[in-house]
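Chains as they are written, first to last, in this note's numbering: chain A, 96 to 353; chain B, 16 to 319.
Every residue, glycine too, gets a C-beta built ideally from N, C-alpha and C.
None of the values given here were measured: they were computed from a predicted structure.
Here is the structure we will look at, set down as structure tokens.
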Ligand SMILES: Cc1cc2nc3c(=O)[nH]c(=O)nc-3n(C[C@H](O)[C@H](O)[C@H](O)COP(=O)(O)OP(=O)(O)OC[C@H]3O[C@@H](n4cnc5c(N)ncnc54)[C@H](O)[C@@H]3O)c2cc1C
């Protein structure tokens, strides 16, 4: 069995974001980057399946982006992936979801993956399009928002999370794409020996021009902070003073403190 | 301008939020038609054309077939936009439709922008981007709550719709939400734990504030996913919807899915070290502080 896990490197969401020179996306200077949260569940699911099947499946971890994304690939490898693919693209942030999916599909087309795992969405763009579009391009079955995963005899049975806590159970035959939702499993922390092992694993580098043959369908035109809504009273400064002011406000504005 | 709205049914009923599609249509000032995979019992209160595909034949969730139904109606109606809600159904089906029609898709639209653009959130709701699709029709998904629900009224003219194709997914059934633990919907005060609280061992500190305020302890999703607290304490779209008199959000960023469950609270206090956290958009008071320093100090003072 061959498994592909597609991961993205995203900035720490607690950062301050400023527009870049193009004015249509964020500047990545001074930001800390990490693996997209949803994708960690995808990596973990691939590794769990590999363990379930006695180590037979080969797990490939793919990421598109500038050189720094190799760090994300290494994390995937230290969690248990076998080999990495770095689609080198310094301008990945300007590609739309359609182009990103086309790049992945172009790579995967000749590789014969049985299962492709992605996150439900990325934390930075949040379009939730890439996984499904890859499936459509490769003509694979696909299930999204997955919070439960079982594999047996070429068939995958998943639980999809719907609104209001309801779940829907779906069975699909491989080859298949599954997009992973938070809570699907407990992503493991790489151990030191596994981090050392990961350093020796192969990371193949492919220039994006070899894989991208599609034009953009959605162009970014503006990037900015949301219009301030709400009118929160902001309490800053000394801790003791903040405590006193909050208690004053609660006494004033709510019936909770008498 | 013409819109094709895609309604969403579960167990034979049209889901309430499908009416937000009409709210969007009215803002866009557009002519509309709707497609529903359902039955007679799932028709909306709407006087226009509703294309009805039989859920008995196509299933309520069978995206391989549903995308063909959308394609069939698109060929008849030639809409400018095909509009879904940004829900488990919408984000599953919309990209399939966009790929099939070879057209652009814009996800989680919160507003129409000048010149045919769309405004959408990015970076976990902290920022906004405006994007412009190249080509038509455009497939859109709308953020829940961004447009008002609107029941246009009237009785629809029903047009049956059929499509051929093969479904590769077998839908095995629904599973109801597991409801256990405290009923947060009745609590007057809720103090909720977010990931910013740092670790499971810190939860008693937050629970102590809840006790002093005579309230219950809630949680954001990552707290539940990490096993720090039970699923029954989760507040949000996939957890409980609450409306206490006082909601204290401790180390919670304010993702839309969390806000959906608590923004109707009477008074909202957020404690967050990040002044720009989106929770500020709904909070009455934002305390910019380290939650593990502020909460014990607050509790101590209140306990006096
Ligand atoms: C389909 C779907 C359904 C979902 N359903 C839900 C749901 O029902 N409920 C839900 O909550 N989420 C839900 N989510 C997840 C949601 O998108 C967010 O990921 C989640 O709400 C974030 O939780 P958080 O705010 O605790 O963590 P984070 O987003 O990680 O935020 C942590 C916050 O704590 C602050 N912080 C960090 N350290 C400190 C400190 N020492 N002192 C003070 N502040 C600090 C940070 O500034 C940050 O703002 C859903 C997601 C999807 C896609």
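Between residue i and residue j, how many whole angstroms is the CB-CB distance? I'm expecting something under 8 Å.
i, j, result
"residue 288 of chain B", "residue 303 of chain B", "7 Å"
"residue 316 of chain A", "residue 146 of chain B", "6 Å"
"residue 209 of chain B", "residue 267 of chain B", "3 Å"
"residue 168 of chain A", "residue 101 of chain A", "Rounded, the Cβ-Cβ distance is 11 Å, inconsistent with contact."
"residue 184 of chain B", "residue 265 of chain A", "5 Å"
"residue 175 of chain B", "residue 67 of chain B", "6 Å"
"residue 183 of chain A", "residue 301 of chain A", "7 Å"
"residue 344 of chain A", "residue 328 of chain A", "7 Å"
"residue 271 of chain B", "residue 158 of chain B", "7 Å"
"residue 269 of chain B", "residue 296 of chain B", "7 Å"
"residue 39 of chain B", "residue 162 of chain B", "4 Å"
"residue 245 of chain A", "residue 114 of chain B", "In fact, because the Cβ distance is near 27 Å, the residues do not count as touching under 8 Å."
"residue 152 of chain B", "residue 96 of chain B", "6 Å"
Closer than 7 Å, CB to CB, is residue i near chain B or not?
i, result
"residue 108 of chain A", "yes"
"residue 321 of chain A", "yes"
"residue 218 of chain A", "yes"
"residue 113 of chain A", "no"
"residue 128 of chain A", "no"
"residue 104 of chain A", "no"
"residue 224 of chain A", "yes"
"residue 163 of chain A", "no"
"residue 278 of chain A", "yes"
"residue 208 of chain A", "no"
"residue 154 of chain A", "no"
"residue 297 of chain A", "no"
"residue 338 of chain A", "yes"
"residue 199 of chain A", "no"
"residue 239 of chain A", "yes"
"residue 344 of chain A", "yes"
"residue 231 of chain A", "yes"
Any idea which residues DSSP pairs residue i with across the strands?
i, result
"residue 17 of chain B", "B:46"
"residue 126 of chain B", "B:134"
"residue 137 of chain A", "For residue 137 of chain A, which the question treats as bridged, DSSP gives no partner whatsoever."
"residue 28 of chain B", "B:25"
"residue 243 of chain A", "A:254"
"residue 319 of chain A", "B:143"
"residue 184 of chain B", "A:267"
"residue 340 of chain A", "Residue 340 of chain A pairs with nothing; no bridge assigned."
"residue 179 of chain A", "A:156 and A:298"
"residue 39 of chain B", "The partner list for residue 39 of chain B (beta bridge, DSSP) is empty, contrary to what the question assumes."
Are the C-beta of residue i and some C-beta of chain A separated by less than 7 Å?
i, result
"residue 163 of chain B", "no"
"residue 114 of chain B", "yes"
"residue 155 of chain B", "no"
"residue 300 of chain B", "yes"
"residue 137 of chain B", "yes"
"residue 76 of chain B", "yes"
"residue 85 of chain B", "no"
"residue 295 of chain B", "yes"
"residue 313 of chain B", "yes"
"residue 105 of chain B", "no"
"residue 215 of chain B", "no"
"residue 316 of chain B", "yes"
"residue 132 of chain B", "yes"
"residue 64 of chain B", "no"
"residue 282 of chain B", "yes"
"residue 235 of chain B", "no"
"residue 310 of chain B", "no"
"residue 122 of chain B", "yes"
"residue 119 of chain B", "yes"
"residue 226 of chain B", "no"
"residue 204 of chain B", "yes"
| What residue ranges within the stretch 266-306 of chain A form continuous alpha helix (DSSP H) runs of no fewer than 4 residues, ordered along the chain? | 287-294
| request: May I have a chain-ordered list of the alpha helix (DSSP H) segments no shorter than 4 residues that lie completely inside the stretch 226-299 of chain B? | output: Qualifying alpha helix (DSSP H) stretches, in chain order: 236-240 and 271-277.
| For the stretch 325-336 of chain A, which residues have a CB atom closer than 9 Å to at least one CB atom of chain B, in sequence order? | Within the stretch 325-336 of chain A, the residues whose Cβ lies closer than 9 Å to any Cβ of chain B are, in chain order, 325, 326, 327, 328, 329, 330, 331, 332, 334 and 335.
| Mind listing which residues of the stretch 175-191 of chain B have their C-beta closer than 7 Å to chain A's C-betas, in chain order? | Those residues of the stretch 175-191 of chain B placed with their C-beta closer than 7 Å to a C-beta in chain A are 183, 184, 185, 186, 187, 188, 189, 190 and 191, ordered along the chain.
| field | Uninterrupted alpha helix (DSSP H) stretches inside the stretch 90-175 of chain B (no shorter than 4 residues) | value | 103-116
| In chain order, what residues of the stretch 299-314 of chain A put their CB closer than 9 Å to some CB of chain B? | 310, 311, 312, 313 and 314
| Which runs of the beta strand (DSSP E) fall wholly inside the stretch 140-168 of chain A and span at least 3 residues, in chain order? | 153-160
| request: Identify each residue in the stretch 243-276 of chain A for which the Cβ-Cβ distance to at least one residue of chain B is less than 8 Å, and report them in chain order. | output: 252, 254, 255, 256, 257, 258, 259, 260, 261, 262, 263, 264, 265, 266, 267 and 268
| field | Chain-ordered residues of the stretch 250-278 of chain B with a beta carbon less than 8 Å from chain A | value | 252, 253, 254, 260, 261 and 268
| task | With 9 Å as the C-beta to C-beta threshold (strictly closer), list the residues of the stretch 138-153 of chain B near chain A in chain order. | result | 138, 139, 140, 141, 142, 143, 144, 145, 146, 147, 148, 149, 150 and 153
| request: Entirely within the stretch 44-79 of chain B and at least 4 residues each: give me those alpha helix (DSSP H) ranges in chain order. | output: 70-73
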